[in-house]
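Residue numbers (the working numbering): -6 to 564.
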């Protein structure tokens, strides 16, 4: 009996051992473990999965070839971060098989397809017809105040050999996918997704939003413009062939920091080293005047309240946290002199042509801003810009900064170095182009958005809304007025000295017409205000009223006025 029990026990153990050993020839294979692991173990970093509706557009999206490599190339990393499912084999990058990344890839494909159908096709069609001259111009595309927007220069000028972009936002780095965990990548692409929404929905980047995303000390993933620029290049169907970190030498030359210098490990913080510059006297005076003006007209009660809150000229006691922050800022002043830092990307387009984009993080005002030197002190940056052969300067969503007197240096460099300028009304005031430039206008100009209402241009309004003049329509929205019915573009070509001399008689006639239009606008504003006062309602003035301090010297470049109407633009 004992022998029988022993035999049965041995047989059961043998069968169990064979089952655990694995499947043999002819047996059913054991179920493979999911490469993703249990989904409940992964924190939903990207939030709830969005419901993706099937796109109705038939617009073709550039095909992205699959990448197979033992070590991940930069282009392969970029494709993964841009959400291309066919960009890499799952063996090389397991993240492409993860459900949260797949959801991200579907959302990006759907959003990009809609964007192409809604805007890109129209912009490409329009620019192919209207920008033949600028496209043929030799030289770089210069894009100051650009942020991370490589998209529009590449759409408008797809044959350019180089784009130079300068913005206040830090240049940033690309997270090295080879050293990243699944959670790192999911969080990274989530931040990319939130960053690109502004350019795809509003056509421009919000400065305040970019400041929170790229300037904040706690930002561990997206630390600058580089990931967003690479995202757009990948979505345009481009192949990244080179990526390097660059600086500007004291002679104004671009210096490379070497291959791989634009990559960083996950969680590694990269801080831009800056030395605060002395505040300009006129800036100090303006701040003191503002503080004095803020205190004028205050009642004793409001003055006491202001003192209790530390407002006006009264110094508040520093908390321990504020003291620590002050000490850090003080220590930072002893760091090395600030240098201009950027990234340079070389890429190949689907048609085989090659291009290059260089982005520099710099302050383009004359004086210091946010502890960053301006062009008055940054002679290497000025030398670099002067050394550029600028075919076209492109300006969009520039916050009307060059209307201000303390952006005179960059304004002068653009007017001196550019053969063509393409801009919306937030770039340079039109009076800078009326003497030596041939001008073409597109779209409609009525008035700036509410935030910039004081930047209304009476001259531009007169040129757009003159009787008998037909301005070509703009089939897409651009700039701060995102609707096509409210958007405008201004294309200007610098004339030769001979052309300027021949144009002078027509310029004088245009000046007379613009002067008359300005006087009529002032009269209309006064009449409207008077009528509003008589009716007992406060009048805001006509939309084309001349804003205080906005009566610049007029300097045009058009044809002679037609009889009884506005001057015709030079063809």
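For every residue, glycine included, the Cβ atom is placed at its ideal position computed from N, Cα and C.
Once DSSP output is grouped into helix, strand and coil, what is the label at residue i?
i           : result
residue 123 : helix
residue 107 : helix
residue 362 : strand
residue 257 : strand
residue 371 : coil
residue 497 : helix
residue 81  : strand
residue 426 : helix
residue 343 : coil
residue 409 : helix
residue 146 : helix
residue 393 : coil
residue 357 : coil
residue 507 : helix
residue 512 : helix
residue 91  : coil
residue 398 : helix
residue 478 : coil
residue 473 : coil
residue 97  : helix
residue 465 : coil
residue 162 : coil
residue 444 : helix
residue 215 : coil
residue 332 : coil
Taking the beta strand (DSSP E) that residue i belongs to, which residues open and close that run?
i           : result
residue 241 : 232 to 241
residue 135 : 133 to 137
From the DSSP secondary-structure annotation, give me the bridge partner or partners of residue i.
i           : result
residue 351 : 157, 337
residue 485 : 414, 432
residue 249 : 239
residue 167 : 256
residue 387 : 415
Please state if the CB of residue j and the CB of residue i are separated by a distance shorter than 9 Å.
i           : j           : result
residue 375 : residue 402 : yes
residue 157 : residue 181 : no
residue 451 : residue 419 : no
residue 236 : residue 75  : no
residue 506 : residue 126 : no
residue 257 : residue 169 : yes
residue 454 : residue 514 : yes
residue 231 : residue 348 : yes
residue 255 : residue 166 : yes
residue 117 : residue 146 : no
residue 411 : residue 385 : yes
residue 355 : residue 159 : yes
residue 493 : residue 377 : no
residue 431 : residue 487 : yes
residue 512 : residue 459 : no
residue 91  : residue 175 : yes
residue 484 : residue 124 : yes
residue 489 : residue 437 : no
Within a Cβ cutoff of 6 Å, which residues of the same chain sit near residue i, ignoring the five residues on either side of it in sequence?
i           : result
residue 435 : 465, 467, 482
residue 105 : 228
residue 389 : 417, 472
residue 271 : With a pLDDT of only 39 at residue 271, under 50, the local geometry of the prediction cannot be trusted, and the value read off the model is given with reservation. There are no such residues.
residue 141 : 218, 221, 222
residue 71  : 223, 227, 233
residue 448 : 393, 396, 441
residue 225 : 143, 144
residue 456 : none
residue 407 : 386
residue 139 : 158, 160
residue 337 : 237, 239, 351
residue 367 : 356, 358, 359, 360, 361
Can you give me the start and stop residues for the alpha helix (DSSP H) that residue i sits inside?
i           : result
residue 223 : 219 to 228
residue 452 : 451 to 458
residue 67  : 67 to 75
Can you list, in chain order, the residues of its chain with a C-beta nearer than 8 Å to that of residue i? Leave out the 5 residues immediately preceding and following it.
i           : result
residue 172 : 258, 259
residue 250 : 237, 238, 239, 240
residue 400 : 357, 358, 359, 394
residue 154 : 133, 347, 348, 349
Can you find the residues in the same chain that come closer than 7 Å, C-beta to C-beta, to residue i, ignoring five residues on each side of it along the sequence?
i           : result
residue 478 : 437
residue 128 : 150, 152
residue 189 : 221, 224
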